[in-house]
Amino acid sequence: MRQRGFETLSQYKGDEQITLPNRATKESAGYDIRSAVSCEIEPNEIKLIPTGIKAYMLHDEVLKIYPRSSLAIKRKAMLANNVGIIDADYYNNNQNEGHIMIPLYNFSNNKLTIKKR
């Protein structure tokens, strides 16, 4: 039985630039999630950033998404919802297949460029 992990959404299958979340180093506390698209966020704008991934987990578990500390300091951006909560039953839902989207808020006076990685 699968316990927890990440998968690429069907609409992104074959896109070799979509990478599943991974730990940057052996001692990393969390997984790095990347954008599935390049886009710009205008000053004081909130934009949903698609990741191209979904997460499966046990029925009583939750996936929490926190920002890196450098996001606010270096990029002048933050998660619009402060902490993202992904419930186990979000996986493969009928509306969007469980697509994890990241709501980013650009609190600077300049456009913020997000690059597909």
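Under our numbering, the sequence shown is numbered contiguously, ending at residue 158. Note that the Cβ used here is the ideal one computed from N, Cα and C, for glycine as well.
Rounded straight-line distance, which links the Cα of residue j to that of residue i
i	j	result
T60	A129	21 Å
T154	E81	5 Å
R43	Y97	8 Å
I106	N85	21 Å
R45	L99	7 Å
Y146	A118	5 Å
E83	V103	31 Å
N137	G93	11 Å
Beta-carbon proximity check, residue i vs residue j, cutoff 8 Å
i	j	result
I141	K95	yes
K157	S79	yes
I143	I90	yes
Which residue spans inside the stretch 77-129 form an unbroken beta strand (DSSP E) run of at least 3? 80-82, 87-91, 94-97, 103-106, 118-120 and 125-128
Would you check if the stretch 43-51 and the stretch 108-115 touch, i.e. whether three or more CB-CB distances between them fall below 8 Å? no
With a threshold of 8 Å, are at least 3 pairs of Cβ atoms found where one atom belongs to the stretch 119-137 and the other to the stretch 75-85? no
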